[in-house]
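As structure tokens, the structure follows; a few thoughts come after it.
Residue numbers (the UniProt record's numbering): 1 to 242.
Next up, the structure:
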């Protein structure tokens with residue numbers, strides 16, 4: 001079984017998934033399984049520290065941004081569901097974005113789990129040259145026995161970080177979930193990043209993680225206002241090892 005609880009605590013940061021050094025100084029959630037040596041101890045994991053939480057462009061597009069060397073970039077991302085031919089590239093994205101192979105192994109395990117995997121809800125973002133740059137995955141979880149989706153992991157190739165590839169993939173994944181008739185998504189991540197997608201504290205709905213986390217770190221997004229939101233403890237797919 002993969003010790004993948006830390007994957008729930010990671011998401012694309014301003015410098016890309018798995019790269020935010022600030023996260024190393026956050027407290028590890030009590031009750032979370034131990035991480036492998038060399039993995040940054042997470043609070044929100046390698047979490048995003050993006051400060052602008054509103055006014056973002058629609059999925060697949062990014063307004064001019066500034067790279068770490070001060071260069072202004074204009075990048076247009078296209079997004080689509082993964083295909084069978086994308087599996088190797090997605091694995092490479094996760095291997096490059098995170099300090100261990102845990103997330104890459106987790107994606108492979110979830111893909112092999114018929115109870116967790118939902119075709120069309122693993123989204124990639126592509127650079128203008130066709131390179132797969134970002135990945136966002138939604139898989140089946142349950143809350144009080146009712147189906148929901150968990151957003152994890154999300155990753156961006158280092159060469160394309162801070163350019164909106166992760167944001168584009170996440171927006172596309174959420175749009176695909178709506179189109180599939182899904183009604184609820186949960187995510188464990190930084191509260192300054194995910195509200196841009198519409199996430200709010202999960203505690204508003206009485207939703208709890210299966211281990212202790214900061215209240216503001218666990219968030220939920222109701223995709224269909226006509227469907228009542230369940231309350232209770234999240235039961236993640238078995239591959240998460242929780």
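Glycine included, every Cβ here is placed at the ideal spot set by N, Cα and C.
What number of angstroms, rounded off, separates the C-alpha of residue 211 from the C-alpha of residue 193? One C-alpha to the other measures close to 22 Å.
Using the Cβ count rule (16 or more neighbours within 10 Å means buried), how would you classify residue 226? exposed
Pairing CB atoms from the stretch 178–190 with CB atoms from the stretch 215–223, are three or more of them under 8 Å? yes
Got a sec, what are the start and stop residues for the alpha helix (DSSP H) residue 162 sits in? Segment: none, residue 162 is in no alpha helix (DSSP H) and carries neither H nor E.
Between residue 29 and the rest of its own chain, which residues show a CB-CB distance below 6 Å, the 5 nearest in sequence each way excluded? For residue 29, the pLDDT reaches just 35, beneath the cut-off of 50, and the residue's location in the model is therefore unreliable, although a value from the coordinates is still provided. Only 211, 212, 213 meet the Cβ criterion.
Identify which residue in 182, 197, 232 has its Cα closest to the Cα of residue 206. Selected option, being the one with the closest Cα: 232.
Would you say the stretch 130–141 touches the stretch 150–163, given that touching needs at least three Cβ pairs under 8 Å? Cβ pair count under 8 Å is three or more, so yes.
Name the residue from 98, 99, 106 whose alpha carbon lies nearest to the alpha carbon of residue 87. The shortest Cα separation from residue 87 among 98, 99, 106 belongs to 106.
Whose C-alpha, out of 182, 90, 98, is nearest the C-alpha of residue 222? 182
Since residue 202 and residue 109 should fall inside the 8 Å C-beta cutoff, what is the C-beta to C-beta distance between them, to a whole number of angstroms? With a Cβ gap of about 24 Å, residue 202 and residue 109 do not count as contacting.
Check whether residue 153 and residue 123 have beta carbons under 8 Å apart: no
Can you tell me whether residue 234 is buried or exposed? The criterion is at least 16 other CB atoms within 10 Å of its CB, across all chains shown. buried
Is it true that the CB of residue 143 sits closer than 8 Å to the CB of residue 230? By the CB criterion at 8 Å, residue 230 and residue 143 fall inside the cutoff.
For the beta strand (DSSP E) holding residue 202, just list the boundary residues, first then last. Unbroken run through residue 202: none, as it is neither H nor E.
Pick out the complete beta strand (DSSP E) segments inside the UniProt domain "N-acetyltransferase" (77–224), 3 residues or longer, and give them in chain order. 78–81, 122–126, 132–143, 146–156, 184–188, 218–222
Please list the terminal residues of the continuous beta strand (DSSP E) segment that includes residue 227. Looking at the DSSP string, residue 227 is not in any beta strand (DSSP E), and its letter there is neither H nor E.
Assuming residue 237 and residue 113 are in contact, meaning their beta carbons sit under 8 Å apart, how far apart are those beta carbons, in whole angstroms? 6 Å
Go ahead and label residue 83 buried or exposed: buried means 16 or more other beta carbons lie within 10 angstroms of its beta carbon, across all protein chains shown. exposed
Would residue 102 be called buried (16 or more neighbouring beta carbons within 10 Å of its own) or exposed? By the neighbour-count rule (16 or more Cβ atoms within 10 Å), residue 102 is buried.
Whole-Å CB distance - residue 172 paired with residue 79, under 8 Å assumed: 4 Å
Residues in the same chain with beta-carbon distance under 7 Å from residue 178, minus the five sequence neighbours each way, listed in chain order, please. 223
I'd like to know whether the C-beta atoms of residue 155 and residue 197 end up nearer to each other than 8 Å. In this structure, residue 155 sits away from residue 197, with a CB-CB distance that is not shorter than 8 Å.
Alpha-carbon spacing of residue 116 relative to residue 148, whole angstroms: 10 Å
For the candidate residues 167, 125, 141, whose alpha-carbon lies nearest to that of residue 241? 141
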